[in-house]
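There are 2 protein chains.
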Amino acid sequence: MPRIVMHPALRREELLDRAQALILQRGYDNVSLNEIIAAAGVSKGAFYHYFPAKDALLEALAERFARQALERIRSIPDVPERDALGRLNAFLARGRQDKVENAGAAWALFEAMFRAENLVLFHRINAAVNALLLPILADMIRDGVRDGVFDTFDPEGAADMILQIGTSTRGIVARALASADSAGMEVAITALERRVRLYEIALDRVLGLEDGSLRLAESGHIRMVMEARHAGRGETPA
Amino acid sequence: MPRIVMHPALRREELLDRAQALILQRGYDNVSLNEIIAAAGVSKGAFYHYFPAKDALLEALAERFARQALERIRSIPDVPERDALGRLNAFLARGRQDKVENAGAAWALFEAMFRAENLVLFHRINAAVNALLLPILADMIRDGVRDGVFDTFDPEGAADMILQIGTSTRGIVARALASADSAGMEVAITALERRVRLYEIALDRVLGLEDGSLRLAESGHIRMVMEARHAGRGETPA
């Protein structure tokens, strides 16, 4: 591969592209750092200039993924007549839609960060993603409080708490992802669906809404995502 | 120190006692594992039999501390005429009272687990403490739902979510503990008080109660605990 002089930011993006392609193809745990460096076609020194270790690369990939998803979601203009609840539900629905459309690309990153041995990495990625989401969610809640749709004395605190409650589903998601057979997956899906319903109602109440106002998942959405993942897992080379 | 043959469980308790005394006197970070082993008066092999590393010892101390606090709190008989909300508030108030009475003993453990470099340890200790609290809180919520005082379709899930929302205050508590001067502490105390108020209202709403029903902290409690800690810090030898 010819070495050409690139702008540092461009070179980092290109490194991420090539690392992501390899990781999505073979799985994060199945690819060594040396293989990633070889596939990126750069020197070790150049690679370590951007990423001190393999987990720093995964963190950067996840952060970039979340940023790109947010840009896609926010590029869709809002329907002007919607109130704050409608705008928040539309934002959440677009997030789900984007996840379905880009599930293949996200999956290998997503699964890796939920492994037990990646707990610290999970919290670092989660903090980075939540830092992107916090101001957007806080703005929506502030608008809703101003319009009398939401009821909280601390929109930014409420946004932070809501993201943190989301983080608290980590254990249940991790167990669902780790389920080895269809019986285990059935139990995991049921537990996850139940927790998402509970989380929806908690969000409604934290924002002073009627139960059933906010939708985090359409009926069957979790099952669809989890079953697609089990079907896809067979295709991943060992 | 004479070597006497002890029952293994007793020896572990005695090791914990001596390690705790040293850690509370000098601070977790200021005591090496070798000093702890020397103070415990056992061989390295005997020590490693119980605790593979220094953080395993801290985890065991924190878990024991939480278990002892729970035993003290639960040994106080309930006022029979209280409803589920009254019982939950009494449980929370006893927890605060116990924290004040045993603040000196808890502080060195508490501070160590909130340091940034101890994030994994924090999550391990937190998971152990929450595992102790979960069945107690779930029982209280179940009773309250049965009596029509609380409103949730999933008492155990609600208990888990409430404990997780508590975990989500980690960042704010950590920042408060790390504040170096009185101006920084003032900002940190204000942020923590505001978040505790938000958390109280979130808990009320998650359980279907009126805002202001549950009390996590009396007015001035957080300030008192934090200021006592700043005063106490000066006494700790470097």
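Residue numbers (this note's numbering), protein chains in the order written: chain C, 1 to 238; chain R, 239 to 476. Glycine included, each C-beta is placed from N, C-alpha and C at the ideal position. All figures in this text were calculated on a predicted structure; none of them were measured in a lab.
Residue range of the unbroken alpha helix (DSSP H) whose run includes residue i
i: residue 385/R; result: First-last for residue 385/R: undefined, no H or E at that position.
i: residue 52/C; result: Here residue 52/C belongs to no alpha helix (DSSP H), and DSSP marks it neither H nor E.
i: residue 437/R; result: 420 to 444
i: residue 91/C; result: 84 to 101
i: residue 37/C; result: 33 to 40
i: residue 398/R; result: 393 to 405
i: residue 314/R; result: Neither: residue 314/R is in no alpha helix (DSSP H) and is coded neither H nor E.
i: residue 171/C; result: 170 to 178
Closest residue to residue i among the options (Cα-Cα distance)
i: residue 239/C; options: 122/C, 98/C, 51/C; result: For residue 239/C there is no data in the structure shown, the boundaries of chain C being 1 and 238.
i: residue 133/C; options: 173/C, 190/C, 174/C, 70/C; result: 70/C
i: residue 171/C; options: 192/C, 160/C, 158/C, 155/C; result: 192/C
i: residue 109/C; options: 226/C, 206/C, 16/C, 28/C; result: 28/C
i: residue 463/R; options: 313/R, 345/R, 321/R; result: 345/R
i: residue 141/C; options: 125/C, 129/C, 154/C; result: 154/C
i: residue 333/R; options: 455/R, 466/R, 412/R; result: 455/R
i: residue 278/R; options: 360/R, 401/R, 258/R, 340/R; result: 258/R
i: residue 228/C; options: 54/C, 213/C, 101/C; result: 101/C
i: residue 406/R; options: 280/R, 377/R, 442/R, 357/R; result: 357/R
i: residue 452/R; options: 461/R, 460/R, 442/R; result: 442/R
i: residue 117/C; options: 55/C, 137/C, 165/C; result: 55/C
i: residue 239/C; options: 165/C, 183/C, 190/C, 67/C; result: Residue numbering for chain C in the displayed model covers 1 to 238; residue 239/C lies beyond these limits and cannot be assessed.
i: residue 369/R; options: 400/R, 386/R, 255/R, 272/R; result: 400/R
i: residue 485/R; options: 135/C, 197/C, 158/C, 57/C; result: Because residue 485/R is not part of the residues shown, which for chain R are 239 to 476, the question remains open.
i: residue 270/R; options: 428/R, 255/R, 295/R; result: 295/R
Cutoff 7 angstroms; reference residue i; Cβ partners in own chain excluding five residues on either side
i: residue 250/R; result: 288
i: residue 234/C; result: Because residue 234/C sits at a pLDDT of 46, beneath the cut-off of 50, its placement in the model cannot be relied upon, and the following sentence gives the value as read from the coordinates. Closer than 7 angstroms at Cβ, skipping near neighbours: no residue.
i: residue 177/C; result: 111, 114
i: residue 458/R; result: none
i: residue 42/C; result: 15
i: residue 256/R; result: 277, 278
i: residue 223/C; result: 189
Under 7 angstroms from the C-beta of residue i: neighbouring residues of chain B
i: residue 361/R; result: Within the model displayed, chain B is absent; protein chains C and R are what it includes.
Cross-chain neighbours of residue i in chain R, by beta carbon under 8 angstroms
i: residue 194/C; result: 392, 395
i: residue 198/C; result: 390, 391, 392, 395, 396, 399
i: residue 168/C; result: 398, 399, 402, 403, 405, 406
Beta-carbon contacts of residue i that lie in its chain and below 8 angstroms, excluding the five residues immediately before and after
i: residue 417/R; result: 423, 425, 426
i: residue 476/R; result: Because the pLDDT of residue 476/R is 36, which lies under 50, any placement of that residue in the model is unreliable, and the question is left without a value.
i: residue 446/R; result: 388, 389, 390
i: residue 316/R; result: 325, 328
i: residue 173/C; result: 114, 192
i: residue 360/R; result: 351, 352, 408
i: residue 92/C; result: 214, 215, 216
i: residue 128/C; result: 59, 62, 63, 66
Cβ neighbours of residue i in the same chain (closer than 6 angstroms, five flanking residues each side left out)
i: residue 439/R; result: 449
i: residue 362/R; result: 297
i: residue 145/C; result: 155
i: residue 62/C; result: 109, 125
i: residue 474/R; result: Only weak support is given to the placement of residue 474/R: the predicted model assigns it a pLDDT of 43, under 50, and the question is left unresolved by the model.
i: residue 47/C; result: 37
beta-carbon residue i near the ligand MN non-hydrogen atom, thresh 7 angstroms
i: residue 143/C; result: The model depicted lacks the ligand MN and carries no ligand whatsoever.
Output, in sequence order along the chain, the residues in the segment 387 to 403 of chain R whose CB is closer than 7 angstroms to any CB in chain C. 392, 395, 396, 399, 402, 403
Could you please tell me which residues of the segment 200 to 214 of chain C, in chain order, have their CB closer than 8 angstroms to any CB of chain R? 201, 202, 205, 206, 208
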